[in-house]
Amino acid sequence: MLYLKNATYIDSGTLEITTGHLGVSPDPSKGYGFQSLKPGLTQFVDAIPPDAPTIDCSGKIVTASFAIGHHHIYSALARGMPMPARFPCNFVEILEFIWWNLDKKLDAEMIRASAMVAGLEAARCGCTFIIDHHASPNAPEGSLQIIADALDEIGLAHLLCYELSDRDGGDCLKAGLAESEAYLKHNQSLVGVHASFTVSPELLERAVGMADDYSTGIHIHVAEDPADGRHCRETFDCSLARRLRDAGALESAKSLLAHCLHLDDEEREIVRESNAWVVHNTQSNQNNNVGAFDPRGLGERVFIGTDGMHSDMLAAARAAYLEGQAMGGLSPLEAYERMRYVHWYLGDNDFQGDYDNNLVILDYPTPTPITSENWPAHVVYGLTSAHVHSVISDGQLIVENGRHTFIDEERELALAREQAERLWKML
């Protein structure tokens, strides 16, 4: 049992604030450890046993940790990389000259380094769960397990998938399909698909069939740029949303649609009436200059990702909030809820790892009072990852006072720099 002494606990759903000593421990009935913070299972206690591991949370906030709704861990070694030989002039060229060039160069060592770098950053930013969309066309075999193992070492839970696409030819597609199915056989996973404009009817049908076979969902990029929808209408004589619906890609409540920027009213209605969730990624959209996210007409099943830009959900939530001011208005509470709806998605679909004993301790010396009503405003206006003091994942302390407890971060970052230099020489 780990004790959080003098904790001010904010329930991430109700925003109710409770103070006292909080006991957090794994449930011995679970091999990996689990304990719920729901009443009756973990309680605020009056006394802390002598010699019990304790963190003094006086003046600090304790609340549920964060989860990244859509990531591209494979991009973690890109920071500062050489510019492409030809400057991209549009989104498709950004993919062709930068990301599809980079993902083809990845090997097992680079994939592990990328996962370790992204995971270490995520944990330091208070995140304990990552939903990732991976691509390594020339090194697909075992790639998802490499990522999973690295995140497990750090103490992070995950929901991974491999990106299927026709863009790299039949051999790469065959290997990607094999990797997807091999991982699905033994792990919780989604079926990853790049985007409609690189996916043939045969591949889309096969991906949906694989998702059905393993009772999971599709994880696909949708209308990130107008080129995606334009290609669909010119090639298949229908809208993008209609193509996905007719293929069965929107039926599962586990399916994720990343971006959804350039959809007309009919497509928005199709998405809203489906069971799929939308994940928006403000800073990536801004970086690629593809437009702003307009939530109108999409319904409530919307949460936030980072799309490989970084692993900081507090930064992503603030960016989404500020962007929302120009897109019909967005309250602090609505922005906060979008950051938290990923937990709803994971819980309703019985994905493992996003447990109630995943906590973040925030050293947030605010100059103004915190109440249940104004906590979302503190999140979008005041709170940053610099305030993350410690992180508890599945009842285990994985970050303590800003330092990783399971991982030698300096060693891993040094290894990552070596892999980044290898990668950059190939670019």
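Residue numbers (this note's numbering): 15 to 441.
Positions of the beta carbon are idealized from the N, C-alpha and C atoms, including for glycine.
Burial state of residue i (16 or more Cβ within 10 Å)
i, result
"Gln339", "exposed"
"Pro215", "exposed"
"Arg509", "Given a span of 15 to 441 for the chain in the structure shown, any question on residue 509 remains unanswerable."
"His200", "exposed"
"Leu336", "exposed"
"Phe211", "buried"
"Pro383", "exposed"
"Ala171", "buried"
"Tyr395", "exposed"
"Glu177", "buried"
"Arg259", "buried"
"Met440", "exposed"
Extent of the continuous beta strand (DSSP E) run through residue i
i, result
"Leu444", "For residue 444 there is no data in the structure shown, the boundaries of the chain being 15 and 441."
"Thr68", "Thr68 to Asp70"
"Cys12", "Residue 12 lies beyond the range of the chain shown here (15 to 441); nothing can be said about it."
"Val304", "Unbroken run through Val304: none, as it is neither H nor E."
"Ala272", "Leu270 to His273"
"Ala171", "Ala171 to Leu173"
"Ser404", "Val402 to Ser407"
"Ile232", "Ile232 to Val236"
"Phe317", "Val316 to Ile318"
"His294", "Trp291 to His294"
Under the three-state DSSP convention, the category residue i falls into
i, result
"Tyr378", "coil"
"Leu16", "strand"
"Ser43", "Confidence at Ser43 is low in this model, with a pLDDT of 43, below 50, so the placement of that residue should be treated as unreliable; the coordinate-derived value is given next. It is coil, neither helix nor strand."
"Arg417", "strand"
"Ser3", "In the structure as shown, the chain starts at 15 and stops at 441, and residue 3 therefore has no counterpart that could be examined."
"Glu423", "helix"
"Glu351", "helix"
"Gly184", "helix"
"Ser386", "coil"
"Tyr359", "helix"
"Tyr23", "strand"
"Thr28", "coil"
"Gly190", "helix"
"Thr33", "strand"
"Leu116", "helix"
"Glu177", "strand"
"Leu344", "coil"
Residue range of the unbroken alpha helix (DSSP H) whose run includes residue i
i, result
"Gly133", "Ala122 to Arg138"
"Gly338", "Met327 to Gly338"
"Phe250", "Pro240 to Phe250"
"Val389", "Looking at the sequence itself, residue 389 is Trp, so the reference to Val does not match. It spans Trp389 to Tyr395 - the alpha helix (DSSP H) in which Trp389 sits, taken as one unbroken run."
"Ile284", "Asp279 to Glu287"
"Ile160", "Ser157 to Ile168"
"Ala261", "Leu254 to Ala261"
Any non-hydrogen atom of the ligand NAP within 7 Å of residue i CB
i, result
"Ser39", "Inclusion of the ligand NAP in the displayed structure is not the case, the ligand content being empty and no account of it being possible."
Pairing CB atoms from the region 75-84 with CB atoms from the region 20-37, are three or more of them under 8 Å?
Yes, since at least three Cβ pairs between the region 75-84 and the region 20-37 fall closer than 8 Å, the two stretches touch.
List, from N- to C-terminal side, the beta strand (DSSP E) runs of 3 residues or more that fit wholly inside the region 69-101.
List check, beta strand (DSSP E) in window: 75-78 and 80-85.
Mind listing, in chain order, the continuous beta strand (DSSP E) runs of no fewer than 3 residues lying wholly within the region 204-230?
Entirely contained in the region 204-230, the beta strand (DSSP E) runs reaching 3 residues are, in chain order, 205-209.
Do the region 131-145 and the region 98-118 make contact, defined as three or more Cβ pairs closer than 8 Å?
Contact between the region 131-145 and the region 98-118 is absent, because fewer than three Cβ pairs lie under 8 Å.
Could you tell me whether the region 324-334 touches the region 343-361, using the rule of 3 or more Cβ pairs below 8 Å?
Counting Cβ pairs under 8 Å, three or more are found: they touch.
Flag this pair as touching only if the region 312-320 and the region 83-95 have three or more C-beta atom pairs under 8 Å; answer yes or no.
They touch, by the three-pair rule.
Across the region 397-411 and the region 369-387, are there enough close Cβ pairs to call them in contact, namely three or more that are closer than 8 Å?
By the Cβ rule, the region 397-411 counts as touching the region 369-387, because three or more pairs are nearer than 8 Å.
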